[in-house]
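Numbering-wise, UniProt numbering puts 426 at position 426 of the first sequence, and it's gapless, one number per residue.
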Amino acid sequence: MKIARIIVDVPSSQTNRLFDYKVPERLEDVVQIGMRVIIPFGPRKIMGFVLELTSDSNVDKLKNIQDVMDLTPVLTPELVEVGKWIAETTLCFYVSAFQAMLPQVLKAKYEKELWLLAEPEELTPSLEQLFGGRGVIPYEELKEHNLSYSAIQKGIQEGLMEVHYNVNSKETKKKETYITPGVPIEQLEEMYVDIPSQAKKQKQIISYFLEKEREEVRQKDLLGTLATTRASLKPLLDKGLLKEVHKEVYRDPYQNREYEPTTPFALTDEQSAAISPIHKSISTKQHEPFLLHGVTGSGKTEIYLQSIQHVLNNGREAIVLVPEIALTPQMVERFKGRFGSRVAVLHSALSAGEKYDEWRKVQRKEVQVVVGARSAIFAPFENIGIIIIDEEHESSYKQEDYPRYHARDVAIRRGEYHQCPIVLGSATPTLESFARAKKGVYTLLSLHKRMNEASMPEVERVDMREELHAGNRSMFSRSLYDKMQERLQKGEQTVLFLNRRGYSTFVMCRDCGHVMECPHCDIALTYHRRNERLKCHYCSYEEGMPDKCPSCESDSIRFFGTGTQKVEESLQHMLPEARIIRMDVDTTRRKGAHERLLTKFGNQEADILLGTQMIAKGLDFPNVTLVGVLAADSLLHLPDFRSSEKTFQLLTQVSGRAGRHKLPGEVVVQSYTPEHYSIDLASQYDYESFFQKEMNMRKMFQYPPYYFLTLLTVSHPNHLYTMDVTQKMSQFLREQLSERSVILGPTPSPLTRIKDRYRYQVMIKYRNEPMLIKVMNRLFQLYEDDVQNKDLQVTIDFQPYQMM
DNA sequence: AGCACGCCGACT
DNA sequence: GTCGGCGTGCTC
């Protein structure tokens, strides 16, 4: 007897284990590991993932698998193992890990229906009204009718009706109809003669196939070329001369685009030296992690491309991860240009259907290269030859919601399985990675020089306090203003960077200092100019703009801070002749808007590109010779131990946008604390000194990479209860963990209240804590009951990036 | 997570 | 009595 061991689609601690099911005879050759199946579970039917196939079970009364949902497994055996590992190391449910690895559309959808078994006359009047002459009704309709639950229950007991559970998958495959001869060509010729002469169009269609012995034609094309309709095709199909074939076509968002084919560039000496260890690792099938540290514009991408070429020549596959924000058409073009249709692209701007189609291309091995954001690390390849993570320092590689995995860790795990190299590339590696490279855990490859012998642009730091003392109250320093004007005269372009986070537009009373805050989240509300309303970014609470201060009744309540819109207005006022493009969430919301604006800027239809984080990366415009950073220190003062590192990374990235080609570039960094080491060293492009300095700070304050962090967050609507539970948990951790570990807290979370829930946290700092996962599991068990029945929420984040 | 079962108070 | 509230325990 064939038994399948299954993870059921019920994310709860009690069901987070394998359940055994019999494989019915008709499915014996169909069911495979990694497949989604439909199974009866209690009174209902749900989806489950087959993880194991065996022949015996400890459970005596087994139910049958009802049906399969896939014909090809959606998870390869390797990915099943990866999913289990994610669940066990990030403490999430198995089913949640598997869901996170698959396209959204493969998530099961459930619906409940009520089926009428008896004749309508046998029903009570209220039930008869409920069915209204129909045989099946959606279960939800019960709520609309004023029927008691027991009346339904009674009806079911009496056998008048029945509850049906349906399991569906949302995936749809786009199909296209093709027409092909239904009989051999000689026979078709004979039958052609028999077509009555008045059926002119039918004869035309058949001769179309006979002429060039055509095998298969798209129906759309056929009817188009012959200027006819399906009316004349139909009889031929009915008589069997021709037949229809339905073929799956992919929704290809890039299909109407042409990519300029590119050929490999000759590598510089530095590049050659960096690429040869990677090639060696590919050829010898040795797993090895590399850290490729190369200044902006040093040609890291070319190294990726040539390494991938080497992998493809070996008949293997490649995964390239790029931060979401850098996954621009320019970036895609570079890969499609080199590898054409062998590339699939996976990122969040695609529709669910498009994402599924790209994923299917990978599943069917129709492509060998995947370029995508974080979740592309789960591409179902089975013969991976290289995994590349570009801009390795980007925090978006860590998923900030459940399951909290880091793509870099998954990459290394997959690299070990496939025995292939992992390349982490960055101009500003995370301290963690650079420290590992120094220790020899990663192999360090360095590119110090820019290509085209371009030099890094000169950086001028402007002290905005001095500007104010000199009577300049505008948001542009005199120096930046002069330089922008100069660019306008010379017909060169400027990129202005504004860090939005530091510029949030909050509303404050100038008389008493009262700040408008969200009543549920304890954070400042953001002023939205368009409809004059105040919104909370965390819970979407909103209210109108007050005309009097609610605290002191003064009418000098105003909004403060600056958004890109405000900067644009001021800029237009100062430089009326400048053509400005603003890029922020508002102007790029519509599909394709991002690309259109960049193309416009690339075609020099604008002089100044003003934007937020989204323009900090990957842009490469030859005519840009000036980059302005409006508030370099706005990131520095966030409550985050990585703020210096983030500032250094951001300034380096932004500076890299200028003078990448023939024209030399210049950078102006405006700041209220220009002497801070991260601003100072970024302006000198001195990564090494920054690394040393920041490492000292981290050592002193016991932060990563010297210590590991784990963040435990507890939330509940009741304030006292939350504090109490968090207190007990921290006590438990102090008792269970080693004495050398530091347990901070409980402290209120930086966002103390979100959606009417109080949040407290405990931070654990440790160097070596092999029992941590076990201890955490035990902690979860202790509070399982409260989580299930008392609305308690407990989240655990190993190696958190965001402390909130 | 659902869903059934069972115990309890509130009502026709 | 019976209806419906909620706590408890189970799902191969």
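Idealized CB from N, CA, C, for every residue including glycine.
Using a threshold of 9 Å, state whether the C-beta atoms of residue i and residue j are closer than that.
i	j	result
residue 813	Pro40	Because the chain in this structure spans residues 1 to 804, residue 813 falls outside the shown range and cannot be described.
Pro717	Asp756	yes
Leu79	Arg5	no
Arg767	Gln736	no
Ile282	Gly385	yes
Gly294	Ala274	yes
Gln802	Ser395	yes
Val459	Ser655	yes
Val370	Val343	yes
Met565	Asp547	First, the residue type needs correcting, since residue 565 is Gln and not Met in the sequence shown. No. Outside cutoff.
Thr328	Leu598	yes
Gln363	Leu312	no
Val249	Glu354	no
Ser474	Val668	no
Gln493	Gln604	yes
Pro403	Gly659	no
Is it right to say residue i is buried, meaning 16 or more other beta carbons lie within 10 angstroms of its own, or is it exposed?
i	result
Tyr503	Summary for Tyr503: the model assigns pLDDT 43, below 50, so the residue's position carries little reliability; its value from the coordinates is reported in the next sentence. Buried is the call here.
Pro429	buried
Ala411	buried
Gly415	buried
Gly240	exposed
Trp359	buried
Met700	exposed
Ser644	buried
Asp797	buried
Leu782	exposed
Cys420	buried
Arg558	exposed
Asn58	exposed
Leu619	buried
Leu609	buried
Glu211	exposed
Phe381	buried
May I ask you to report which of helix, strand or coil DSSP gives residue i?
i	result
His347	coil
Tyr94	helix
Phe381	coil
Lys490	helix
Leu327	coil
Tyr503	Any reading at Tyr503 needs caution, since the residue's pLDDT is 43, under 50, leaving its predicted position unreliable; the model's value is listed next. Here Tyr503 sits in helix by DSSP.
Gln129	helix
Thr443	strand
Lys398	strand
Lys646	helix
Met729	helix
Phe701	coil
Phe339	helix
Ile195	coil
Gln684	coil
Gly592	coil
Ile3	strand
Tyr259	coil
Gly353	helix
Val59	coil
Report back the beta-carbon spacing between residue i and residue j to the nearest angstrom; my notes put them in contact at under 8 Å.
i	j	result
Phe648	Phe690	5 Å
Asp60	Met35	At roughly 25 Å, the Cβ-Cβ gap does not stay under 8 Å, so Asp60 and Met35 are not in contact.
Ile3	Asp20	5 Å
Val10	Ile46	7 Å
Phe290	Val82	About 21 Å separates the two Cβ atoms, so there is no contact after all.
Glu577	Leu488	7 Å
Leu445	Pro550	Not quite, the Cβ-Cβ distance comes to about 58 Å (not below 8 Å), so this is no contact.
Check the DSSP bridge columns for residue i and list the partner residues they point to.
i	result
Asp67	Ile38
Asn166	Glu111
Ser426	His293
Met583	Gly611
Gln670	Val462
Ala318	Val369, Ile386
Thr710	Ile764, Phe798
Taking 8 Å as the cut-off, does the CB of residue i come closer than this to any heavy atom belonging to the ligand FAD?
i	result
Pro664	As presented, the structure is devoid of all ligands, the ligand FAD included, so that no description of it is given.
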